[in-house]
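Convert by adding 197 to the 1-based position in the sequence shown; the result is the number in my numbering.
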Amino acid sequence: MTHRVSRSRSLGQHALLLGCVSITCFPVLYALLISTFDFQQVFIYPPRLIPGMSLLENVGLAWSKVNLGRLLTNSLAISISVALGKTLLSILAAFAFTYFRDFPGKNLLFVVILITHMLPLPVRIVSTFQLMDTLNWVNTYYALTIPFFASATGTLLFRQFFLTVPASLSDAARIDGAGPMRFLTRILLPLSYNNLVALFMVEFVYMWNEYLWPLIVTTSNEMRVAQIGIKMLVATDAQAEWNVIMAGVILVMLPPLVILLLTQNHFMRSVTFGQEK
């Protein structure tokens with residue numbers, strides 16, 4: 198009887214999981230399906246569930262209509278720069294807050310950093326834009342990257358991890374003559390590898406999906422990003438070519454998907470680190 202109840206519960210959990218996965222994946226699969234149709238097939242009712250033969254043609258149209266190659270290059274450069282910048286600054290800030298014990302006003306400054314995390318971009322967008330304009334950074338890579346380098350989340354993540362590192366390691370490194378930066382690079386960074394990769398992945402995907410700030414701070418098509426390119430495909434005077442738009446969407450989805458697949462194991466290890474300990 199107990200075995201039967203356990204089996205029924207397991208089947209129910211798997212059914213629920215399968216349902217959630219189906220709901221999550223359906224929009225992506227439907228976008229992929231639409232990207233294979235020609236213009237007429239998109240509007241057939243009832244909708245077709247058999248893929249068409251126009252995928253490569255639609256990809257070519259999406260690529261050429263808005264210079265998608267340039268926009269993807271911009272998005273890659275910006276996302277990688279921001280992810281690396283956030284990761285580096287987060288590690289250095291967390292190291293200072295954890296190991297510089299005589300740092301004056303350390304706790305107050307850390308609280309201030311956490312408070313900034315509660316302010317979303319739309320709240321500070323006007324003041325940030327005014328600063329970029331004062332520095333003549335509008336329509337430059339500086340404006341697209343530097344305002345995003347600071348990360349309260351990353352600082353908190355690494356600070357909490359560094360607090361779990363035994364004090365005997367830092368004492369032993371100090372006895373062996375290792376300075377703070379050598380202790381950071383030789384001991385803490387290898388221990389933090391999973392957290393490093395996880396934060397890089399999260400920040401890369403976050404910046405890749407950013408739309409509002411690049412739209413405001415760029416004025417030329419050469420500086421636009423891929424998300425704006427999708428909007429440019431939609432914003433036409435003629436009827437929207439949804440097959441071409443969905444082909445562009447699939448192309449824009451690929452880089453973060455590849456990053457996610459390459460880093461998912463490290464991300465899961467960073468999430469379960471505390472449980473494993």
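From the three backbone atoms N, C-alpha and C, an ideal C-beta is built for every residue, glycine too. Everything numeric in this text was worked out from a predicted model, so none of it was measured.
Integer-rounded CB distance, given that residue 333 should sit under 8 Å from residue 415: That belief does not hold up - the Cβ atoms of residue 415 and residue 333 are roughly 14 Å apart, past 8 Å.
When you compare each of 307, 233, 358 and 409 to residue 320 by their alpha carbons, which one comes out closest? 409
Please report the Cβ distance between residue 248 and residue 268, rounded to the nearest whole angstrom; I am assuming they are in contact, meaning their Cβ atoms lie under 8 Å. With a Cβ gap of about 26 Å, residue 248 and residue 268 do not count as contacting.
Hey, would you say residue 291 sits closer than 8 Å to residue 355, going by beta carbons? yes
Can you look up residue 247 in the DSSP assignment and give me helix, strand or coil? The three-state secondary structure of residue 247, taken from DSSP, is coil.
Do residue 252 and residue 232 have their beta-carbon atoms positioned less than 8 Å apart in this structure? In this structure, the beta-carbon distance from residue 232 to residue 252 falls below 8 Å.
Could you tell me how far apart the beta carbons of residue 453 and residue 401 are, in whole angstroms, since I believe they sit closer than 8 Å? 7 Å
Contact between the region 268 to 285 and the region 390 to 401: three or more CB pairs below 8 Å? Yes, since at least three Cβ pairs between the region 268 to 285 and the region 390 to 401 fall closer than 8 Å, the two stretches touch.
At the level of alpha carbons, what is the spacing between residue 358 and residue 297? A straight line joining the alpha-carbon of residue 358 with that of residue 297 spans about 15 Å.
Output the boundary residues of the alpha helix (DSSP H) element that contains residue 421. It is not in any alpha helix (DSSP H) - residue 421 carries neither H nor E in the DSSP assignment.
Is DSSP giving residue 376 helix, strand or coil here? coil
Taking only the alpha-carbon atoms, compute the straight-line gap between residue 373 and residue 467 and give it to the nearest angstrom. 29 Å
Grouping DSSP H, G and I as helix and E and B as strand, with all else coil, what is residue 274? DSSP places residue 274 in helix when its eight states are reduced to three.
Straight-line CA distance for residue 385 to residue 314? Looking at the two C-alpha atoms, the distance is approximately 25 Å.
Pick from 376, 283 and 461 that is closest to residue 349, judged by C-alpha positions: 283
From 396, 237, 387 and 418, pick the residue whose C-alpha is nearest to that of residue 286; which is it? 396
Taking residue 346 as part of the alpha helix (DSSP H), name the residues at either end of that continuous run. From DSSP, residue 346 is part of no alpha helix (DSSP H); its letter is neither H nor E.
C-beta contact flag for residue 477 and residue 255 at 8 Å: It is not possible to answer for residue 477, since the shown part of the chain is limited to 198 through 474.
Out of curiosity, what's the CA-to-CA distance linking residue 222 and residue 215? 10 Å
Let me see if you follow: with CB-CB separation under 8 Å, is residue 273 close to chain D or not? You won't find chain D in this structure, because it holds only one protein chain.
Proximity winner among 421, 266, 456 and 281, relative to residue 346 (alpha-carbon distances): 281
Straight-line Cα distance separating residue 331 from residue 270: Between the alpha carbons of residue 270 and residue 331 lies a distance of about 27 Å.
So for residue 332, helix, strand or coil by DSSP? coil
Alpha carbon to alpha carbon, what distance is there between residue 360 and residue 295? Distance between the alpha carbons of residue 295 and residue 360: 7 Å.
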